Every structure is written in C-alpha cells, then in structure tokens.
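Start counting the sequence shown at 1; every next residue gets the next number (full-length UniProt numbering).
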Amino acid sequence: MSDFRQKALDYHEFPIPGKISVELTKSAETAADLALAYSPGVAEPVREIAANPDDVYRYTNKGNLIAVISNGTAILGLGDLGPMASKPVMEGKALLFKRFANLDSIDIEVKHRTIDEFVDTVANIADTFGGINLEDIKAPECFEIEKALIERCSIPVFHDDQHGTAIVTSAGMINALEIQGKKIEESVIVCLGAGAAATACMELLIKCGAMREKIYMLDRKGVIHTRREDINEYKKMFANNTDKRTLQDVIEDADVFVGVSGPDLVTEDDIKLMAPNPVIFACSNPDPEIKPEVAMAARSDLIMGTGRSDYPNQVNNVLCFPFIFRGALDVRASAINDEMKVAAVKALAELAKEPVLPQVLQAYPEVDSMEFGPNYVLPKPMDPRLLPRIAKAVAQAAIDSGVAGIEQLPEGYMAE
C-alpha cells in the first residue's frame with residue numbers, strides 16, 4: 001500500500017471516522033437554556049414561522065445550510081460505484097463549503113430506481129435547506145434531474161460538475177486567450193468529451209462570447225456532427241455541420257482544446273497541429289488528456305491548464321462553488337441563473353490579474369512568485385479575496401436579475 005493511500009485512509013478514519021460533525025450554536029448548559037432551546041420556548045419561533053414563512057430565515061439555520069446530494073453514479077473519475085461509495089466525496093464537499101465560505105452542509109446519498117424517484121426524494125426535503133448542490137450524477141440523467149428540481153424547488157439547485165467546472169474553465173479561458181492575443185468570438189474550440197461538464201463548459205463559453213459554429217465536440221465515436229443519428233438531445237446542441245470526423249481533423253488550426261474525457265487521449269503530434277499560441281485545458285483527473293510536460297515539449301507557445309494541483313493553472317471547482325452559494329444564500333436567491341454564473345466568471349477572471357497576496361504565496365512554498373501570465377490565469381484556492389469578490393458579484397447579479405428575496409445588499413456586505 002502506497003504511503004499516500006494509507007495517509008488518505010488514516011485521514012478519513014482517525015481520530016473519528018468521517019470529515020464533518022454537528023456543533024451547537026447556542027448555550028445548552030442549564031435548565032433555562034433547555035427551556036428556550038426546546039419545550040416550551042421553541043413554540044415561539046414555531047408560531048412566528050407559521051404566521052410568516054420567511055421568518056424561518058430569522059429563527060433557524062436554513063439560510064446557511066446546503067444539502068450535498070448524490071446517487072453515486074459518476075464518482076470522481078471512478079464511475080458508478082453507488083450511493084455509499086460517494087459518501088466520502090460528499091463529506092469532502094461539505095468540508096470545502098465550511099472551510100471556504102463558512103456554510104454548513106449535510107451530505108445526502110440517495111438510492112433510487114428511476115429519475116422520478118430521485119427527484120421526488122430531493123424535492124420533498126428541499127425546503128429544509130437554503131440550497132442544493134448536486135454532485136457526481138452521470139449524464140444524461142444529471143440534466144433531467146437538475147432541470148426537474150429547478151422547476152420544483154424554490155431554492156437554488158446547482159449541479160457543480162456541470163456549472164462549477166464551466167465557471168472556472170470560462171474564467172481561465174478568457175484570461176488565457178487574452179494573454180495569447182486572441183478573441184474568444186474568433187477562436188476555434190475543440191472539446192474532447194460530451195458529458196455534463198463538457199456541455200456546461202461550452203454553453204457558458206458561448207454566453208461569454210464564443211461562437212457555437214466554431215465549437216467541435218467529440219464523444220467516444222468521434223466528432224458530433226449533424227448527420228449522426230446516435231446522439232441525444234444534449235449532444236445535438238453541438239452537432240456541427242462538418243465533414244470532419246476525427247480529433248486530428250478538428251484540432252488542426254484550433255485555438256483552444258478543452259479536455260473533459262480521459263487520460264492520455266491527445267498526443268504530441270495532435271498538439272503540433274494546433275494554431276499558433278494555443279490554449280490547452282486538459283482537465284481529466286487525476287491524469288489529463290495530455291501531460292503538461294509532453295505538451296510543452298511539443299511546442300513552447302501554449303498555455304496549459306489541468307485539474308491537478310501540482311501543475312500551474314489548476315482548473316478546480318473549489319474556486320467558485322462555495323462562494324456562489326454564499327452569495328446566493330445571503331440574498332435568499334430562488335435559483336442560480338446565467339447572470340449569476342457570468343458574474344462569477346468575471347469576478348474570478350479579474351481577481352487573477354491582481355497582485356498575489358503574501359499569505360497566498362506562503363501557502364505554496366514550492367513557487368517563488370505568481371503573477372498574471374501563462375502560468376497564472378486563475379487565482380489560487382487559498383486566496384481570501386475569492387469569498388468577498390465572487391459572493392458579492394453573485395449576490396448583486398441575483399438582485400439585478402430578479403431572483404433574490406431581498407432588494408439590496410446590506411451596507412458593507414463582504415467588505416474586504
């Protein structure tokens with residue numbers, strides 16, 4: 001057993017199993033405390049909430065509570081291993097919510113026979129929470145599940161594998177293209193992978209200016225084109241009217257490659273076919289579509305990003321999802337809409353252009369310096385400015401787009 005594997009197992013088992021627990025926020029030391037916490041004192045907030053349902057945000061933790069929900073059908077890069085196997089990942093998500101945005105969260109693992117059963121289960125408990133983070137659900141079921149829950153729930157429902165990945169990818173891509181002297185609306189984009197993350201990434205890039213007709217998406221059978229009859233409705237949105245059929249056909253003279261597929265599917269020769277000054281985000285985890293050292297050996301004019309923390313330009317969902325939910329819950333948003341996602345993209349992209357704080361550099365002792373450029377197109381997760389910048393941008397976008405439950409941000413909200 002490798003040292004790292006044993007360390008990971010020990011981390012999850014000791015000193016107590018798991019990564020999250022429940023803590024009290026009120027005193028419960030005396031008989032008087034218990035009389036307030038439960039009977040008879042608890043009757044007073046019950047009456048207030050019954051008379052005015054919005055008071056649930058005043059008297060309970062609903063406004064700071066996230067449900068992290070999975071059925072375990074697409075766990076990390078490990079596949080369909082079932083609900084219980086997904087529990088460590090969902091607890092990990094809860095840990096990140098608490099660490100980066102001080103949001104409480106409970107992991108919920110659902111077993112079901114049909115999509116409708118899953119949706120019914122989640123919809124029936126949704127009002128307990130301020131928001132729902134869906135996680136590790138395979139495509140295309142994840143699209144149907146999220147759509148149905150958004151329609152049925154009055155709180156934000158966010159499938160992070162889709163939209164979190166898309167937001168971070170879009171922010172990094174905008175910056176990388178700027179550094180390379182390219183415009184997103186003129187760029188030819190190749191996307192290897194056609195699942196939830198791929199579809200969401202391309203749709204958000206389009207909202208940020210990319211042209212749909214300049215996007216070539218590939219699945220296991222090759223290029224998704226208009227004459228294929230074996231593609232679902234989600235792939236059809238990216239069916240290109242082209243005679244190109246292979247990765248090599250579409251990557252020639254392409255400006256951008258986005259990989260959300262599997263390891264080592266792109267070769268050095270493929271990279272050499274791309275246009276000058278390309279951008280490559282090879283995000284398959286833990287092993288990218290092409291290793292950075294291989295890509296850099298092929299050509300020196302590229303900007304490279306991966307999903308890994310041991311290479312520059314890590315495309316990591318933790319850069320956005322805690323802060324998006326923070327902003328959404330703080331204004332009692334009923335949804336996380338496109339305006340809020342684009343606001344998060346812009347805030348994340350702009351932060352990367354600012355000087356890196358000393359405490360961020362201290363968290364990465366293996367790096368001497370960081371500044372906006374080919375090896376730094378996205379902020380680091382340890383940057384304390386992520387919370388105020390993204391949460392405030394998302395909260396304001398929720399208000400401006402009409403999905404917030406309050407009319408304006410409190411004075412001094414998220415002041416740095």
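Every residue, glycine too, gets a C-beta built ideally from N, C-alpha and C.
Model, not experiment: these values are computed from the prediction.
The Cβ atoms of Val315 and Gly172 sit closer than 8 Å to each other. Around Gly327, the same chain offers Ala391, Val394, Ala395 as residues with beta carbons nearer than 6 Å, after the five sequence neighbours per side are excluded.
Look at the region 141-210 and you find these whole runs of beta strand (DSSP E), each 3 residues long or longer: 157-159, 189-192. In the DSSP annotation of this structure, Gly259 is not part of any alpha helix (DSSP H); the continuous beta strand (DSSP E) holding it starts and ends at 256-259. For Ser86, the secondary structure class from DSSP, reduced to helix, strand or coil, is helix. By the neighbour-count criterion, in which a residue is buried when 16 or more other Cβ atoms sit within 10 angstroms of its Cβ, Glu354 is exposed. Beta-carbon to beta-carbon, Met340 and Val360 are separated by about 25 Å, too far to satisfy the 8 Å threshold.
Just so you know, the alpha carbons of Phe4 and Ile49 end up roughly 49 Å apart. Between the alpha carbons of Glu411 and Gly373 lies a gap of roughly 35 Å. Of all C-beta pairs linking the region 169-188 to the region 206-214, three or more are shorter than 8 Å, placing the two stretches in contact. The beta carbon of Ala347 is closer than 7 Å to those of Arg389, Ile390, Ala393 in its chain, skipping five residues each way along the sequence. Closest option to Asp104, judged by alpha-carbon separation, among Asp243, Gly79, Lys244, Asn61: Asn61. Contact between Val110 and Ile69 holds: CB atoms are separated by about 6 Å, below the 8 Å threshold.
If the five residues before and after Glu371 are omitted, its C-beta is found closer than 8 Å to the C-beta atoms of Pro355, Val356, all from its own chain and listed in chain order. Ranking Ala349, Gln248, Ile406 by CA distance to the CA of Leu273 puts Gln248 first.
Under the 8 Å Cβ criterion, the region 80-97 does not count as touching the region 38-52, having fewer than three qualifying pairs.
Contact annotation: the region 136-148 touches the region 190-197, with at least three C-beta pairs closer than 8 Å.
Ranked by Cα distance from Thr226, the options Gly209, Arg220, Lys244, Ala210 are led by Lys244. Below 8 Å, enough C-beta pairs join the region 282-290 and the region 305-321 to call them touching: three or more.
Rounded to whole angstroms, the gap between the alpha carbons of Tyr376 and Thr121 is 42 Å.
Secondary structure of Asp253 (DSSP, three-state): coil. For Thr114, the closest C-alpha among the options Gly131, Asn71, Pro276 is that of Asn71.
Here Val56 has Ile49, Lys62 as same chain residues with Cβ atoms under 7 Å from its own Cβ, once five neighbours each way along the sequence are excluded. Contact between the region 226-241 and the region 253-264 is not established, with fewer than three Cβ pairs separated by less than 8 Å. Going by C-alpha positions, Asp253 is about 48 Å away from Asp10. Note on geometry: alpha-carbon atoms of Arg299 and Thr267 lie some 12 Å from one another.
Secondary structure of Asp3 (DSSP, three-state): helix. A Cβ-Cβ distance of about 7 Å is found for the pair Asn133 and Ala67, placing them in contact under the 8 Å criterion. Ile150 sits close to Val157, with the two beta carbons spaced by under 8 Å.
In terms of Cβ geometry, Ile125 and His159 do not form a close pair [threshold 8 Å]. Under the 10 Å beta carbon count, Lys7 is surrounded by fewer than 16 other beta carbons and is classified as exposed. For Val68, the enclosing beta strand (DSSP E) starts and ends at 65-70.
Relative to Ala94, the option among Lys19, Ala397, Lys236, Glu416 whose CA is nearest is Lys19. Residue range 303-306 is occupied by the beta strand (DSSP E) that includes Thr306. Partner residues in the beta bridge of Gln314, as assigned by DSSP, are Thr306. DSSP places Asn124 in the uninterrupted alpha helix (DSSP H) bounded by 115-125.
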